[in-house]
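Colleague: After the structure tokens below, expect a handful of questions from me.
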Amino acid sequence: MVCRKVYLFLVLFLAVSVCAAEFEDFERSLMQPDTTVTSGKPDTGSSATYNAFEQSLLQEESSEMSLAYRGREALMQAIKSRDTAAISQRIAELDNMKSGNVAPLVNIEKECIYIDNQMWRQMLELEVSYYKNFYDSLETEYVQYPENDELMFYVKKIVGKFDTNLTMYRNISYYIEHARMDQADKMELVIMLLLRSAYTRFEDYKLLAEMGRDFCNKYPKHPDAEWIKKSVLAPAERTNFRNLYRENKVNRFDTRAEHKEENIAKNLYTGGVGTNVFLLSGGLAFGDDLYRSDLFEVEELVVALEFYLQLKRFAFAAELLSSGMTGVASYSLGLGYVVFDSRYLKVRPYVAYCFPTMIIEAKKNVLVPERLYSEHGYMEDGDNGQFMGDLGLTFAVNVDFRFLTAYLFRAVNHFFGMSLVGKFGVSYISFDDAPYVDGANVSPFFSLGLGVYFW
Amino acid sequence: MRFVALFSIVVVLLLCASCSRVPNVYIGGPKDPQPLPDSIPVLVVNAAKVPLLPQEYNYLGTIKTAAASGCSSDGTIAYLRTLARKVGANIVYVKKTDIELAFFYTQYGSMTSRCLTLIADFVYAEAPLISKWEEEVKKMESSRKAGE
């Protein structure tokens, strides 16, 4: 029990807890195995977990355990004599005794011994080995640990000397600075020690990132440089999200020219906003004469326009369109679907509900219904009037030939495009403003123009 | 009336908490993500306890979440798991956590939500310890299902 108390104390001291109670769920599931991390000694849980079968196994292991106690006694003698070579040898012997059932010496005990005896090189080896093999080592659940011996009390005494308000690194940094070691080894040891608190104390995180960068820059050929760079430094540096975001953006901007085609391909079918201006229109009309050509002349629509908003493949369009019949235009609201989109070509069929309109000019004085020309009830020669139709439907397809595609300002995933636009379709239009404008027509039509598209 | 309105807002926020998308900035994601099969669980690993990544891993982006009214810690973690699965990551490596406030203003007053926000890496890695964790998570999930 005493050992467990020491262990808990060490865990509290060396491993810093994370704040959020909100983590309880996933921490419970994932962090429990990690209690082995900082101490090297797993949480053995309550004794109730041991069943009779396990108890019998433990009895069989008593010989292993007595060997472990003897080894620890020998280690204690070496510590008392301050013989670092003997200490290393005894520790190696105890490590060799380690089995799935008995752990004669745990990492925290080794660390305390190394700290007390200023054995920094051995400490470095221990730390590097521990972290390098972290993901490969599997502690068994029911391991026994020697306890209540002299070595355990010795470790407890060393731990008692530490300032519990400081991390282990802060406690021993002075001794590491003045240790007789290569600068590379010193740096690596500091990095290893800082790992324990890097993600809980900001100052340690900053120091770890700085030290990690320096180490990798100064000693790129060091056997551990690649490992530290990838496993330790990279995740730490990615914690500075602002820097990461800036670098990512700069990288993407710098390389956007060479990735242009790739970026365009990635953003096809994503949607955008477009405007088409149709300068040339034509068509055929089949059906009634829509107006009294002996009384009126119609005005041709000079420019037709279309605005559309594309969301993914769907497009919502509002347009003023020449219907294909002389003098008849229509205000339309349409819903389209992009069936094909590529670097140069986009095909967007759509159906539109239209409100046909006709602007006519009287050739002579004409009496007209009041609702159309309420002020006078007649049109004089040269007067203009607008007649609205009842209903119109348009089925058409837009074909865009995109001759220019450029990045929109400094964006990487947004573009500006110019196209030659063709619209081909059929419209049905009816007027019911008898006696002068009346009838229905079906008209195949086309329009050609230019379009701009922001996407 | 005011009570009814406030009650409705609270109900809507609680409902939204379970389904809403967590506001976030996600960068460095793969160009062609390969979703993780359902048979592999997504692990959430706290860097404060496991301060390094395996020697071999595939980096699949970093995410920073933000506070939003109606947030919940479970919802945030569930969202991260879903996103990780989508990009093919089996580990959400949480490196920084914080509690931030989100404000929701109405004509009757304002409401605040305390939200867990975090910065995490998405990675895919294979190692004996990861397999062990995955087994433990699978066991927990199956026992949870059995309990239901």
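Read top to bottom, the protein sequences are chains A and B. Under my numbering, residues 1 to 455 are what the first sequence spells out, in order. Under my numbering, residues 1001 to 1148 are what the second sequence spells out, in order. Think of the CB as a built atom: it goes at the ideal place given N, C-alpha and C, for glycine as much as any other residue. The structure presented is a predicted model; accordingly, all values stated were derived computationally and were not measured.
Is the Cβ of asparagine 1046 of chain B closer than 9 Å to any Cβ of chain A?
Modeller: What you label residue 1046 of chain B is simply residue 46 of the second sequence in a count that begins at 1. Cβ-Cβ to chain A under 9 Å: yes for asparagine 1046 of chain B.
Colleague: Does DSSP put phenylalanine 153 of chain A in a helix, in a strand, or in coil?
Modeller: Here residue 153 of chain A refers to the residue found at position 153 when the first sequence is read from its first residue. Of the three classes helix, strand and coil, the one that applies to phenylalanine 153 of chain A here is helix, per DSSP.
Colleague: Grab me the residues of alanine 78 of chain A's own chain with a C-beta within less than 7 Å of its C-beta, minus the 5 sequence neighbours each way, in chain order.
Modeller: Residue mapping note: residue 78 of chain A aligns to position 78 of the first sequence, counting from 1. For alanine 78 of chain A, where only same-chain residues beyond five positions count, the Cβ hits under 7 Å are Ala86, Ile87 and Arg90.
Colleague: What three-state label does DSSP hand leucine 1036 of chain B in the structure shown?
Modeller: Counting from 1 along the second sequence, the entry for residue 1036 of chain B is found at position 36. Collapsing the DSSP output to three states places leucine 1036 of chain B in coil.
Colleague: Cβ atoms of tyrosine 175 of chain A and tryptophan 120 of chain A: under 9 Å apart, would you say?
Modeller: By 1-based counting over the first sequence, the position of residue 120 of chain A is 120. By 1-based counting over the first sequence, the position of residue 175 of chain A is 175. Yes, they are a contact pair.
Colleague: Could you name the residues of the region 1047–1072 of chain B whose beta carbon sits closer than 7 Å to any beta carbon of chain A, in the order they occur along the chain?
Modeller: Listed by position along the chain: Ala1047, Ala1048, Lys1049, Val1050, Pro1051, Leu1052, Leu1053, Pro1054, Gln1055, Thr1062 and Lys1064.
Colleague: Does DSSP classify valine 368 of chain A as helix, strand or coil?
Modeller: Along the first sequence, read from residue 1 onward, the residue named residue 368 of chain A stands at position 368. Valine 368 of chain A falls in the coil class under three-state DSSP.
Colleague: Given that valine 1025 of chain B touches chain A, what residues does it touch there, using C-beta distances under 8 Å?
Modeller: Taking the first residue of the second sequence as 1, we reach residue 1025 of chain B at position 25. The answer, in chain order, is Phe241 and Tyr245.
Colleague: With a 10 Å radius around its C-beta and 16 neighbouring C-beta atoms as the bar for buried, classify glycine 382 of chain A as buried or exposed.
Modeller: Working through the first sequence from its first residue, we reach residue 382 of chain A at position 382. Per the 10 Å Cβ criterion, exposed.
Colleague: Taking the straight line between their C-alpha atoms, what separation do you get for proline 1054 of chain B and valine 1025 of chain B?
Modeller: In the second sequence, counting from the first residue as 1, residue 1054 of chain B sits at position 54. In the second sequence, counting from the first residue as 1, residue 1025 of chain B sits at position 25. In a straight line, the C-alpha of proline 1054 of chain B is about 25 Å away from that of valine 1025 of chain B.
Colleague: When you check each C-beta in the region 1115–1139 of chain B against every C-beta of chain A, which residues fall closer than 8 Å?
Modeller: Leu1116, Ile1119, Asp1121, Ala1125, Ala1127, Pro1128, Leu1129, Ile1130, Lys1132, Trp1133, Glu1136 and Val1137
Colleague: Buried or exposed for glutamate 141 of chain A, going by 16 or more other Cβ atoms inside 10 Å?
Modeller: Within the first sequence, the letter at position 141 stands for residue 141 of chain A. Classification for glutamate 141 of chain A: exposed.
Colleague: Could you confirm whether any beta carbon from chain B is found closer than 9 Å to the beta carbon of serine 430 of chain A?
Modeller: Position 430 of the first sequence, counting from 1, holds the residue named residue 430 of chain A. Not closer than 9 Å to any Cβ of chain B, the Cβ of serine 430 of chain A fails to qualify, so no.
Colleague: Buried or exposed for phenylalanine 134 of chain A, please, with buried defined as at least 16 other CB atoms from any protein chain shown within 10 angstroms of its CB.
Modeller: Position 134 of the first sequence, counted from the first residue, corresponds to residue 134 of chain A. Taking all protein chains shown into account, phenylalanine 134 of chain A has 16 or more neighbouring C-beta atoms within 10 Å of its C-beta and is therefore buried.
Colleague: For glutamate 299 of chain A, does the three-state DSSP call read helix, strand or coil?
Modeller: Position 299 of the first sequence, counted from the first residue, corresponds to residue 299 of chain A. Glutamate 299 of chain A: coil per DSSP, three-state reduction.
Colleague: Please identify the residue among B:Arg1144, B:Ser1143, B:Lys1138 and B:Asp1121 whose C-alpha is closest to the C-alpha of alanine 236 of chain A.
Modeller: Position 236 of the first sequence, counting from 1, holds the residue named residue 236 of chain A. For the residues B:Arg1144, B:Ser1143, B:Lys1138 and B:Asp1121, the minimum Cα distance to alanine 236 of chain A belongs to B:Asp1121.
Colleague: Have a look at proline 1041 of chain B and alanine 225 of chain A and give me their C-alpha separation to the nearest angstrom.
Modeller: By 1-based counting over the second sequence, the position of residue 1041 of chain B is 41. By 1-based counting over the first sequence, the position of residue 225 of chain A is 225. If you take the alpha carbons of proline 1041 of chain B and alanine 225 of chain A, they lie about 32 Å apart.
Colleague: I'd like to confirm the pairing. Which residues does DSSP put opposite glycine 271 of chain A in its beta bridges?
Modeller: On the first sequence, residue 271 of chain A is found 271 positions in, with the first residue counted as 1. Answer by DSSP bridge pairing, in chain order: A:Leu311.
Colleague: So leucine 138 of chain A contacts chain B; which residues on that side make the cut at Cβ distance below 8 Å?
Modeller: Locating residue 138 of chain A in the first sequence gives position 138, counting from the first residue. Close partners of leucine 138 of chain A in chain B (Cβ separation under 8 Å): Pro1128, Leu1129 and Lys1132.
Colleague: Could you tell me whether the Cβ atoms of tyrosine 453 of chain A and asparagine 398 of chain A are closer together than 9 Å?
Modeller: Against the first sequence, residue 453 of chain A aligns to sequence position 453. Against the first sequence, residue 398 of chain A aligns to sequence position 398. No; because the gap between Cβ atoms is not below 9 Å, this pair is not in contact.
Colleague: Mapping the DSSP letters down to three states, classify phenylalanine 454 of chain A as helix, strand or coil.
Modeller: Position 454 of the first sequence, counted from the first residue, corresponds to residue 454 of chain A. Note: phenylalanine 454 of chain A maps to strand in three-state DSSP.
Colleague: In the DSSP assignment, find the beta strand (DSSP E) that holds threonine 239 of chain A and state where it starts and stops.
Modeller: Counting from one through the first sequence, the residue named residue 239 of chain A turns up at place 239. Where threonine 239 of chain A is concerned, there is no enclosing beta strand (DSSP E), given that its DSSP letter is neither H nor E.
Colleague: Excluding sequence positions up to five away, which residues of its chain have a Cβ less than 6 Å from the Cβ of tyrosine 269 of chain A?
Modeller: Within the first sequence, residue 269 of chain A is the residue found at index 269, counting from 1. Taken in chain order, the residues that qualify are Arg313 and Asp341.
Colleague: Starting from aspartate 1098 of chain B and walking both ways along the beta strand (DSSP E), at which residues does that stretch end?
Modeller: Within the second sequence, numbered from 1, the residue matching residue 1098 of chain B stands at position 98. Per DSSP, aspartate 1098 of chain B belongs to the beta strand (DSSP E) from 1091–1106.
Colleague: Using a Cβ-Cβ cut-off of 6 Å (strictly less than) and excluding sequence neighbours within five positions of alanine 103 of chain A, which residues of its own chain qualify?
Modeller: Along the first sequence, one-based indexing puts residue 103 of chain A at 103. Annotation for alanine 103 of chain A: Val143 and Tyr145 place their beta carbon closer than 6 Å to its own, counting only its chain and skipping 5 residues before and after.
Colleague: Residues of chain A with CB closer than 8 Å to the CB of tyrosine 1093 of chain B, please, in chain order.
Modeller: For the purposes of this step, residue 1093 of chain B is taken as the residue at position 93 of the second sequence. What tyrosine 1093 of chain B touches in chain A: Pro235.
Colleague: What runs of the alpha helix (DSSP H), each 4 residues or longer, lie entirely inside the region 102–186 of chain A?
Modeller: 107–116, 120–132, 150–161 and 168–177
Colleague: Ignore the nearest five residues each way along the sequence and tell me which others in threonine 326 of chain A's own chain have a CB closer than 8 Å to its CB.
Modeller: The count along the first sequence starts at 1 and reaches residue 326 of chain A at position 326. Contacts found: Ala285, Val298 and Glu300.
Colleague: Go ahead and label threonine 1065 of chain B buried or exposed: buried means 16 or more other beta carbons lie within 10 angstroms of its beta carbon, across all protein chains shown.
Modeller: As a working mapping, residue 1065 of chain B is identified with position 65 in the second sequence. Flag for threonine 1065 of chain B reads buried.
Colleague: Please classify aspartate 136 of chain A as buried or exposed, where buried requires at least 16 other C-beta atoms within 10 Å of its C-beta.
Modeller: Against the first sequence, residue 136 of chain A aligns to sequence position 136. The residue is exposed, with fewer than 16 neighbouring Cβ atoms inside 10 Å.
Colleague: Listing by chain order, which chain B residues have their CB less than 7 Å from the CB of threonine 200 of chain A?
Modeller: Position 200 of the first sequence, counted from the first residue, corresponds to residue 200 of chain A. Neighbours of threonine 200 of chain A on chain B, chain order: Ala1048.
Colleague: Excluding sequence positions up to five away, which residues of its chain have a Cβ less than 8 Å from the Cβ of methionine 97 of chain A?
Modeller: Locating residue 97 of chain A in the first sequence gives position 97, counting from the first residue. Closer than 8 Å at Cβ, skipping near neighbours: Glu64, Leu67, Ala68, Gly71 and Pro104.
Colleague: Check whether the region 378–397 of chain A and the region 408–416 of chain A are in contact - that is, three or more C-beta pairs closer than 8 Å.
Modeller: no
Colleague: Between the C-alpha atoms of serine 39 of chain A and alanine 179 of chain A, what's the straight-line distance to the nearest angstrom?
Modeller: In the first sequence, the residue the question calls residue 39 of chain A occupies position 39. In the first sequence, the residue the question calls residue 179 of chain A occupies position 179. Summary for serine 39 of chain A: the model assigns pLDDT 39, below 50, so the residue's position carries little reliability; its value from the coordinates is reported in the next sentence. So the alpha carbons of these two residues sit roughly 24 Å apart.
Colleague: From lysine 1095 of chain B to alanine 1102 of chain B, what distance separates their C-alpha atoms?
Modeller: Working through the second sequence from its first residue, we reach residue 1095 of chain B at position 95. Working through the second sequence from its first residue, we reach residue 1102 of chain B at position 102. When rounded, the distance between both Cα atoms is 21 Å.
Colleague: Are the region 1069–1087 of chain B and the region 253–262 of chain A touching, with three or more C-beta to C-beta distances below 8 Å?
Modeller: no
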